[in-house]
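Please read the structure below before turning to the comments.
In the numbering used here, the protein residues as written are 9 to 113.
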């Protein structure tokens, strides 16, 4: 599993724009349509990403945003990133007994 996020674009995209976006770096994106979060009457493109290649989530998002910028007239009014559960961690430690030191000592 890679870095998961969704970009909401300002409008629908054509087949040619989908091809151009894939060539520009959105190879792993799943393209769909949705309504604009601020106006349900406006249909927009939604790109769902699961990027296993980028070293970090920030770099994955930046790469996708850079690809969108290559298409004239496209912008990104929405970005969502699902919460990621913090893994349980176990710290290997040893309990050390110590002597209590007070101010009168």
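Backbone N, C-alpha and C define an ideal beta-carbon position, used for all residues, glycine too.
Kindly identify the DSSP beta-bridge partner or partners of residue i.
i	result
residue 53	41
residue 96	In DSSP, residue 96 forms no bridge with anything.
residue 47	44
residue 88	14
residue 58	12
Would you check if the distance between the CB atom of residue i and the CB atom of residue j is smaller than 7 Å?
i	j	result
residue 45	residue 86	yes
residue 53	residue 17	yes
residue 75	residue 33	yes
residue 25	residue 69	no
residue 31	residue 51	no
By Cβ distance below 8 Å, which residues in the same chain neighbour residue i in space, the five residues on each side in sequence not counted?
i	result
residue 64	11
Can you name, in chain order, every residue of its own chain whose Cβ lies under 6 Å from the Cβ of residue i, other than the five neighbours on each side?
i	result
residue 56	14 and 38
residue 49	none
Given residue i, which residues of its chain have a CB within under 7 Å of its CB, disregarding the five upstream and five downstream residues?
i	result
residue 62	11, 68 and 71
residue 36	57, 58 and 59
residue 42	16, 52 and 54
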